[in-house]
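Asker: One structure, pasted below without further comment.
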Ligand code: IMP
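In the numbering used here, the protein residues as written are 43 to 218.
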């Protein structure tokens, strides 16, 4: 296990309140509709599982695995698909659930990939966004928290595979 110094940044309570708020917004948008919610693995699994429980709509679950960090702290700029969607999304409403938008490259890659499969609609959501880190224009429909350009872990987000299980989000103080 790594022994980084972590500074609590967004508490579990604050995250849960925000997730509820986002869930209510999406409930208004999709009430009485069928919608496919896509979890972007691995980072968004915790946000995703809380979020879909707070959306009142007819949801089916899909998983899309991508990797761009390769365990470090800066984006490689190259998106690798580790698990493709198991079902078509053509002519269906889709919610794409990401953990964090950093450079924007992954979100844009995912949006292009899903749009090429011709969904009825695509709604994008990210728990976190680092506006100062964006390298490309990247529009996200719903963002939980805008944060500074610091590396964060917890609530699904990792450093070298660790810290995903923290129930809150922390800033990393010292890298080895
Ligand atoms: P992007 O393509 O640069 O926007 O990076 C998106 C992906 O990088 C996210 O889905 C995360 O998996 C990872 N990432 C970006 N910033 C952080 C961070 O601060 N902590 C942990 N992972 C991050």
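Here a beta-carbon is modelled for each residue, glycine too, at the ideal position from N, C-alpha and C.
The model shown is predicted, which means the values in this text are computed figures rather than measured ones.
Rank 46, 45, 52, 109 by C-alpha distance to the C-alpha of residue 209 and give the top, closest one.
Answerer: By 1-based counting over the chain shown, the position of residue 209 is 167. Looking at the Cα atoms, 52 is the closest of the given residues.
Asker: So is residue 148 buried or exposed if we call it buried at 16+ other beta carbons inside 10 Å?
Answerer: Reading the chain shown from its first residue, position 106 is the one you call residue 148. Burial call: buried.
Asker: Can you tell me the Cα-Cα spacing of residue 70 and residue 146, whole angstroms?
Answerer: Residue mapping note: residue 70 aligns to position 28 of the chain shown, counting from 1. Residue mapping note: residue 146 aligns to position 104 of the chain shown, counting from 1. Distance between the alpha carbons of residue 70 and residue 146: 27 angstroms.
Asker: Can you tell me whether residue 197 is buried or exposed, with buried defined as 16 or more other CB within 10 angstroms of its CB?
Answerer: In the chain shown, residue 197 corresponds to position 155, counting from 1. Buried, since its Cβ has 16 or more Cβ neighbours within 10 Å.
Asker: So, at 7 angstroms on beta carbons, what are the nonlocal neighbours of residue 183 in its own chain, with the 5 sequence-adjacent residues on each side left out?
Answerer: In the chain shown, residue 183 corresponds to position 141, counting from 1. Same-chain partners within the cutoff: 165, 166, 167.
Asker: Answer yes or no: does any C-beta atom of chain B fall closer than 9 angstroms to that of residue 198?
Answerer: The structure shown contains no chain B, having only a single protein chain.
Asker: Ends of the alpha helix (DSSP H) at residue 55?
Answerer: The count along the chain shown starts at 1 and reaches residue 55 at position 13. That run of the alpha helix (DSSP H) goes 54-72.
Asker: Pop quiz: residue 72 and residue 139 are said to be a contact at Cβ under 8 angstroms. What is the actual Cβ separation, rounded to whole angstroms?
Answerer: On the chain shown, residue 72 is found 30 positions in, with the first residue counted as 1. On the chain shown, residue 139 is found 97 positions in, with the first residue counted as 1. Rounded, the Cβ-Cβ distance is 13 angstroms, inconsistent with contact.
Asker: According to the Cβ coordinates, are residue 186 and residue 60 closer than 9 angstroms?
Answerer: Working through the chain shown from its first residue, we reach residue 186 at position 144. Working through the chain shown from its first residue, we reach residue 60 at position 18. It is a contact, given that the beta carbons lie within the stated cut-off.
Asker: Using beta-carbon positions only, say whether residue 93 and residue 106 come within less than 9 angstroms of one another.
Answerer: On the chain shown, position 51 is the one that residue 93 refers to. On the chain shown, position 64 is the one that residue 106 refers to. Cβ atoms of residue 93 and residue 106: not closer than 9 angstroms.
Asker: Give the secondary structure of residue 50 by DSSP, where H, G and I count as helix, E and B as strand, and everything else as coil.
Answerer: Locating residue 50 in the chain shown gives position 8, counting from the first residue. Strand, per DSSP.
Asker: Shortest alpha-carbon distance to residue 153 belongs to which of 190, 108, 195?
Answerer: As a first step, residue 153 is located in the chain shown; it is residue number 111 there, counting from the start. The shortest C-alpha separation from residue 153 is found at 108.
Asker: Identify which residue in 134, 101, 192 has its Cα closest to the Cα of residue 215.
Answerer: As a first step, residue 215 must be located in the chain shown, where it is residue number 173. For the residues 134, 101, 192, the minimum Cα distance to residue 215 belongs to 192.
Asker: Please report the straight-line C-alpha distance between residue 211 and residue 173, rounded to a whole angstrom.
Answerer: To locate residue 211, count along the chain shown from 1; it is residue 169. To locate residue 173, count along the chain shown from 1; it is residue 131. So the two alpha carbons sit approximately 18 angstroms from each other.
Asker: Can you tell me which of the three DSSP states residue 6 falls into?
Answerer: The structure shown does not extend to residue 6, since the chain is modelled only from 43 through 218, so no value can be given for it.
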